[in-house]
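As given, the protein sequences belong to chains A and B, one line each in that order. Numbering-wise, the working numbering comes out as the position in the first sequence, counting from 1, plus 9. Numbering-wise, the working numbering comes out as the position in the second sequence, counting from 1, plus 9. Okay, structure first, notes after.
2 protein chains.
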Amino acid sequence: MLSKKTRYALKALVVLGKNFGGIPIQISKIASEEHIPKKFLEQILLDLRNAGLLYSKKGSGGGYGLVKDPAEISVVQILRITGGPVALLPCVSLNFYQKCDECDNEATCGVRDVFVDVRDATVKILSETSIADVIKREKDLVQNYSQ
Amino acid sequence: MLSKKTRYALKALVVLGKNFGGIPIQISKIASEEHIPKKFLEQILLDLRNAGLLYSKKGSGGGYGLVKDPAEISVVQILRITGGPVALLPCVSLNFYQKCDECDNEATCGVRDVFVDVRDATVKILSETSIADVIKREKDLVQNYSQ
DNA sequence: AAAAAGTCTACTAGTTCTATATACTTTGTA
DNA sequence: TACAAAGTATATAGAACTAGTAGACTTTTT
């Protein structure tokens, strides 16, 4: 399961993605629109900023904005910044690898082998999907929904 | 990430799968072989028994065994018994659905839409993979490893 | 100077996970 | 029949993690 942190980050980035090229958006605006606790969202946006995804502007008229085009930001990137491993087993994680305590030999573990496949399938989808794609999907869904 | 409980369950079922058709295996044997705390494993095997996957035999010479052929037990089944949702978002889970608090309209949520795809890919792999397949993979890995 | 807005660090309450403890029941066998 | 082997069941403790809150600070605009 994704953490709330990751989900909030995705929501916020979609909002910021729609606004790409415009003037900065304030934390409080995103928080109230997306039903996210403001103080929590502050931390999350700070993380995304420190990861180089967002720029921030202080003071009156300040706020946050995307540094890059939303088409250049993949969903998997966001999971890694905010939530850690994508894989379902630590011994299978590409970016947060950890040895399984209970496993004698990783190289011959059948369970691990299956979850390598799961990881590959998941990473494929999430690295091929950008924030721009998420926004497009939303647009398409709204269109179909209102028909 | 899968819980320890789920991982231990998978390990235990592989052991029991290799033994399918033979005499029952004791908890303590599985626990020591697979480096699983015995008392914890007791609970897990009990859950798997209550779910109808295992039979148990009390008393001297007792132990656990698979009820069905390991080819008939899918990995996804085990995750659901021991660990709950396979999906990465509660609003996307087939067996443990929960509404997202922060989401206004599920039907038009772009983030959700992406994670439906991830869930489908994951469920496909894990429902097509049986305990027998895991055992076979292990066998193949061992063979390649020793060469 | 005052207000708006982001920054930074610490902390807490709650939950979940992992594991352990204890007492009990059933079964086989000496 | 007594005893030991083995599973059953429930409770509980400790650790780790998550989600959210608090407060003091800095920067920028008006």
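We treat Cβ as the ideally placed atom computed from N, Cα and C, and that holds for glycine. Computed from a prediction, not measured in an experiment: that's the story for all the values here.
Practice item. Return yes when the Cβ of B:L55 is within less than 9 Å of the Cβ of B:I39, no when it is not. Key: The Cβ-Cβ distance between B:I39 and B:L55 does not fall below 9 Å.
Check your understanding: Less than 9 Å separating the beta-carbons of B:G30 and B:A141?
Key -> Not a contact, by the Cβ cut-off of 9 Å.
Point to revise | Status (buried if at least 16 other CB within 10 Å, exposed otherwise) for A:D149 | key: Exposure of A:D149 is indicated by the presence of fewer than 16 other C-beta atoms within 10 angstroms of its C-beta.
Review point. Based on the DSSP output, what are the partners of B:Y64 in its beta bridges?
Key: Looking at the DSSP assignment, B:Y64 forms a beta bridge with B:G74.
Check your understanding: Straight-line CA distance for A:I134 to A:R146?
Key -> Rounded to whole angstroms, A:I134 to A:R146 spans 14 Å at the Cα level.
Review point. Counting along the chain, where does the alpha helix (DSSP H) carrying B:Y106 start and finish?
Key: For B:Y106, there is no enclosing alpha helix (DSSP H), as DSSP marks it with neither H nor E.
Review point. DSSP three-state call for B:S69: helix, strand or coil?
Key: In this structure, B:S69 counts as coil in the three-state DSSP scheme.
Check your understanding: Near A:P79, which residues of its chain fall below 7 Å by C-beta distance, leaving aside the five closest residues on each side in sequence?
Key -> Leaving aside the five residues that flank A:P79 on each side, the residues in its chain whose CB is nearer than 7 Å to its CB run, in chain order, G26, F29, S139, I140, A141, I144.
Check your understanding: When burial is assigned at 16 or more other CB atoms within 10 Å of the CB, is B:D110 buried or exposed?
Key -> Around the beta carbon of B:D110, fewer than 16 other beta carbons sit within 10 angstroms, so the residue counts as exposed.
Point to revise | Backbone CA spacing between A:L19 and A:G70 [nearest angstrom] | key: Cα to Cα, the separation comes out at about 24 Å.
Check your understanding: Who are the neighbours of B:T131 on chain A, taking C-beta pairs under 9 Å?
Key -> Taking a Cβ-Cβ cut-off of 9 Å, the neighbours of B:T131 in chain A comprise L97, V127, A130, T131, given in sequence order.
Practice item. Sort B:E81, B:T131, B:V120, B:S41 by Cα distance to B:L103 and report the nearest one. Key: B:L103 has its Cα closest to that of B:T131, out of B:E81, B:T131, B:V120, B:S41.
Review point. In terms of residues, what are the limits of the alpha helix (DSSP H) holding A:Q152?
Key: Residues 140-155.
Review point. If the cut is a Cβ gap below 8 Å, which residues of chain A does B:R16 touch?
Key: Per Cβ cutoff of 8 Å: L98, C109, E111, V120.
Practice item. Using a Cβ cut-off of 8 Å, pull out every chain A residue sitting near B:T117, in sequence order please. Key: Per Cβ cutoff of 8 Å: E147, L150, V151, Y154.
Exercise for review: May I have the straight-line CA-CA distance separating A:N114 from A:D122, to the nearest angstrom?
Suggested key: Roughly 12 Å between the two C-alpha positions.
Practice item. Measure the beta-carbon distance from B:S37 to B:K48 and round it to whole angstroms, keeping in mind my assumption that it falls under 8 Å. Key: That pair is no contact at about 10 Å.
Exercise for review: Please decide whether A:N114 counts as near chain B, where near means a Cβ-Cβ distance under 9 Å.
Suggested key: Judged by the 9 Å Cβ criterion, A:N114 is in contact with chain B.
Check your understanding: Taking Cβ positions only, does B:E51 come closer than 9 Å to chain A?
Key -> It does not: the Cβ of B:E51 has no partner Cβ on chain A nearer than 9 Å.
Review point. So which residues on chain B does A:P94 lean against when the C-beta distance must stay under 7 Å?
Key: Neighbours of A:P94 in chain B, taken as residues whose beta carbon is under 7 Å from its own, are M10 in chain order.
Exercise for review: Determine, using beta carbons only, whether B:L22 and B:G92 come nearer to each other than 9 Å.
Suggested key: The Cβ atoms of B:L22 and B:G92 lie no closer than 9 Å to each other.
Point to revise | Span of the alpha helix (DSSP H), counted from its first residue to its last, around B:N59 | key: Where B:N59 is concerned, the enclosing alpha helix (DSSP H) starts and stops at 47-59.
Check your understanding: Would the beta-carbon of B:L62 fall within 9 Å of that of B:V84?
Key -> It is not a contact, given that the beta carbons lie outside the stated cut-off.
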